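Counting in my numbering, the sequence shown runs from 4 upward without gaps.
Backbone N, C-alpha and C fix where the C-beta goes; we use that ideal spot for every residue, glycine too.
Keep in mind it's a predicted model, so treat the numbers as computed, not measured.
For reference, the structure is listed below as structure tokens.
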Amino acid sequence: AKGPLMAMLLGAAKAKDSVKDVRVVVACLVDEEREGKGANYLVNSGFKADHIIIGEPTGTTGVAIGYRGSLTVRINVSASGGHSSAPYMGESALDKFFTLWEEIKRNFSGRGYDETSACITVLEAGDWPTKLPEFVRAVINIRIPYNMLSKQILSKLEELCLEHGCELSVLERTEPVKVSLSSPVPRSLIRGMLKMGMKPKAVMKTGTSDMNVIYRISPDIAAYGPGDSLLAHTTLERISIKDILTAAEVYKNCILELASIDQTR
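Written out as structure tokens, the structure is:
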């Protein structure tokens, strides 16, 4: 999100001379990709805001009004093991885990924003080439659609782990978020783009962002910024200067729109 951050700073500076009695805060929050420590700190610090824009790559024309939630769990599996020459006489913790994993995939195999999906992100097993694994340590991340809560997913996982004799612990949980397109922030972002002759669009994200957490500060929130989200967390991640300048102008226009709304209240 360094591109959106740069565009935000530039956009706020460009709007400075055009608005009065408006406080604009640009917050640089760490750990968004993991536990959201920065966002949670901001929420717990008592910070107040009427309107919030999350700087996330939406392709300069997209306004994100929803993100799926996230549930990350660790699963530990134990087994008696055995020799690889006679696997039928022993018990493999890895086989035991994959039996559980097939059940998890069967329950959470969605692909879209409004579906639940699951993936293994960390997997450790075994300690010797000719020995059946006696242990497995796995981390699984599940994404949660806006019409569900993490406790519903967790309840099913606990049921499956109990059934297969596996231990479960929660590493992270974030609820999904969805806001109305008619709220001031998404509406102002769209108006800001229309003034520039752009063709804005509302988007729903399959991922999770600080918006899921910071929504607790103000429900008038949306995510916007330059960059291709499909390249995020890859070695091909890049952004053009042109897109940064375009997004800065959109941020500026949005600030002016929000200021005019507040002045008419």
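Contact check for M214 against P203 fails: the beta carbons are separated by 8 angstroms or more.
DSSP, reduced to helix, strand and coil, places M11 within a helical segment of the structure shown. The three-state reading of DSSP puts G6 in helix, counting H, G and I together. For the segment 155–228, the full-length beta strand (DSSP E) segments reaching 3 residues or more read 170–177, 204–208, 224–227 along the chain. At a Cβ-Cβ threshold of 8 angstroms, E59 and A262 do not count as neighbours.
Residue pairing from DSSP places L126 in a beta bridge opposite A141. In the DSSP assignment, Y149 falls outside any beta strand (DSSP E) and carries neither an H nor an E. With contacts defined by Cβ atoms closer than 8 angstroms, E252 and M207 do not form a contacting pair.
Collapsing the DSSP output to three states places I242 in coil. Excluding five sequence positions before and after N256, the CB atoms of its chain that fall closer than 6 angstroms to its own CB belong to G195, K198, given in chain order. In terms of Cβ geometry, S48 and T177 do not form a close pair [threshold 8 angstroms]. Here F50 is exposed: its Cβ has fewer than 16 other Cβ atoms, across all protein chains shown, within 10 Å. Under the three-state reduction of DSSP, R37 is assigned to coil, being neither helix nor strand.
D20 and T75 have their alpha carbons spaced roughly 45 angstroms apart. In the three-state reduction of the DSSP assignment, Y116 falls in the coil class. Rounded to the nearest angstrom, the gap between the Cα atoms of M11 and D231 is 17 angstroms.
It is roughly 19 angstroms from the alpha-carbon of Y149 to the alpha-carbon of K108. Counting C-beta pairs closer than 8 angstroms gives fewer than three between the segment 238–248 and the segment 85–94, which falls short of the contact rule. DSSP places T75 in the uninterrupted beta strand (DSSP E) bounded by 72–81. Counting C-beta atoms within 10 angstroms of its own C-beta, R37 has fewer than 16 neighbours from the protein chains shown and is therefore classed as exposed. With distances taken between CA atoms, G113 lies nearest to G210 out of A4, G210, L8, L259. The residue from V180, E260, I258 with its alpha-carbon nearest to that of S153 is V180. Look at V66 here: in three-state DSSP terms it is strand.
In this structure, the straight-line span from the alpha carbon of A42 to that of L174 is close to 17 angstroms. Under the DSSP assignment, T102 falls in the alpha helix (DSSP H) whose first and last residues are 96–110.
Membership of G58 in the beta strand (DSSP E) is indicated by the continuous run 55–58.
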